[in-house]
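**Q** Provided herewith is a single structure, encoded as structure tokens, for subsequent inquiry.
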Amino acid sequence: MDHPDFVEIRKEMRRQKLSGFLNRAMGRHLHRRRILRLLDELDAKYGAPSPELMAEIEADAKRIFGK
Amino acid sequence: MPTFADHVVLDSGGLSALLGSSARARGWLRWCKTSAGTVVVPVSVLVETVTGHSGRDAETNRVLRVLTRSGRISPVDEDLGRLAGKLRYRARADDGIDALVAAEAVRTLQPCVLLTSDPGDLTTLLTDHPQVTVRPV
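What follows is the structure, given as structure tokens:
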């Protein structure tokens, strides 16, 4: 398995795996940013949730998801 | 089977609340996205939210495009249909759309929050699934 072709193939597979991982991570990041931008826009239109409401939701989420 | 971590499912009332003035709906979505969670819109929700009229649907479509850019409109497949049927039968319920939304929330077997404007019927459908928490918005 030390044939130069195999070494090259392994190198290319590692590169593609990393590239796929980075693409997926970038996609998730951009998607998250788009949703947060939409929420900012709706907050500007209707008024942001109060800090009390956000604290209530965070406490509820902590009970439900354990974090 | 999807394995979304920390997911928030919207039914049609939840989506309408988000399009309207519900600070609670926006608060839950903000929590979800800042916690790297996933927003799931079951495809059955479209039945109750779009009209086929591009003008009337413009705002709904715009929000759906943002929410589902990474393909999180969950399609109905046979497994989901069968799970929905089971939930509907056990709850002696009539509403197939609600049953499909409930099934979407149940199918990952992970903790999940289901946002709705009408928690009564969904809570009944989900009686045997304490990992799903129904929250009114």
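Protein chains in written order, with the working numbering: chain A, 30 to 96; chain B, 26 to 162.
Note that beta-carbon positions come from the ideal geometry of N, C-alpha and C, so glycine has one too.
Computed from a predicted structure; not experimentally measured.
Within its chain, find whatever has a CB closer than 7 angstroms to the CB of Val101 (chain B); leave out the 5 residues flanking it on each side and keep chain order.
**A** In the second sequence, residue 101 (chain B) corresponds to position 76, counting from 1. The answer, listed in chain order, is Val68, Ser69, Leu125.
**Q** Is the segment 58-74 of chain A touching the segment 102-112 of chain B, taking contact as three or more C-beta pairs under 8 angstroms?
**A** Result no; under three Cβ-Cβ pairs closer than 8 angstroms.
**Q** Please confirm if Gly76 (chain A) has its CB atom under 9 angstroms from at least one CB of chain B.
**A** Stepping through the first sequence from its first residue, residue 76 (chain A) is reached at position 47. Cβ-Cβ to chain B under 9 angstroms: yes for Gly76 (chain A).
**Q** Where do the ends of the alpha helix (DSSP H) carrying His58 (chain A) lie?
**A** Within the first sequence, the letter at position 29 stands for residue 58 (chain A). His58 (chain A) -> alpha helix (DSSP H) spans 33-75.
**Q** Is Thr133 (chain B) near the ligand MG, with its Cβ less than 8 angstroms from a heavy atom?
**A** Absence of the ligand MG from the depicted structure is noted, as is the absence of any ligand whatsoever, leaving it without description.
**Q** Can you tell me whether DSSP reads Thr9 (chain B) as helix, strand or coil?
**A** No statement about residue 9 (chain B) is possible, as the shown extent of chain B runs from 26 to 162 and does not include it.
**Q** Straight-line CA distance for Leu43 (chain B) to Ala50 (chain B)?
**A** The residue given as residue 43 (chain B) occupies position 18 in the second sequence. The residue given as residue 50 (chain B) occupies position 25 in the second sequence. Spanning the two alpha carbons is a distance of roughly 5 angstroms.
**Q** Taking Asp119 (chain B) as the reference, which of B:Leu140, B:Leu150, B:Glu103 has the closest Cα?
**A** Position 94 of the second sequence holds residue 119 (chain B). Of the candidates B:Leu140, B:Leu150, B:Glu103, the one whose C-alpha sits nearest the C-alpha of Asp119 (chain B) is B:Leu150.
**Q** Are the beta-carbon atoms belonging to Val66 (chain B) and Ile98 (chain B) less than 9 angstroms from one another?
**A** To locate residue 66 (chain B), count along the second sequence from 1; it is residue 41. To locate residue 98 (chain B), count along the second sequence from 1; it is residue 73. Going by C-beta atoms, Val66 (chain B) is nearer than 9 angstroms to Ile98 (chain B).
**Q** Tell me, please, whether the CB atom of Ser46 (chain B) is closer than 9 angstroms to any CB atom in chain A?
**A** The residue labelled residue 46 (chain B) in the question sits at position 21 within the second sequence. Answer yes: the Cβ-Cβ gap between Ser46 (chain B) and chain A drops below 9 angstroms somewhere.
**Q** Suppose you measure from the CA of Trp53 (chain B) to the CA of Val162 (chain B); what does that come to, to the nearest Å?
**A** The residue given as residue 53 (chain B) occupies position 28 in the second sequence. The residue given as residue 162 (chain B) occupies position 137 in the second sequence. Cα to Cα, the separation comes out at about 9 angstroms.
**Q** Under 9 angstroms, Cβ to Cβ, is there at least one residue of chain A near Pro161 (chain B)?
**A** Within the second sequence, residue 161 (chain B) is the residue found at index 136, counting from 1. Answer no: the Cβ-Cβ gap between Pro161 (chain B) and chain A never drops below 9 angstroms.
**Q** Tell me the residue span of the beta strand (DSSP E) that contains Leu35 (chain B).
**A** For the purposes of this step, residue 35 (chain B) is taken as the residue at position 10 of the second sequence. Counting along the chain, the beta strand (DSSP E) containing Leu35 (chain B) begins and ends at 32-35.
**Q** Using 9 angstroms as the limit for Cβ to Cβ distance, is Ala124 (chain B) near chain A?
**A** Taking the second sequence and counting its residues from 1, one reaches residue 124 (chain B) at position 99. Chain A contact via Cβ: absent.
**Q** Can you tell me which of the three DSSP states Pro144 (chain B) falls into?
**A** Counting from one through the second sequence, the residue named residue 144 (chain B) turns up at place 119. The answer is helix: DSSP assigns Pro144 (chain B) an H, G or I state.
**Q** When the Cα atoms are used, what is the spatial distance from Arg117 (chain B) to Trp56 (chain B)?
**A** Locating residue 117 (chain B) in the second sequence gives position 92, where the first residue counts as 1. Locating residue 56 (chain B) in the second sequence gives position 31, where the first residue counts as 1. Those two C-alpha atoms are separated by around 34 angstroms.
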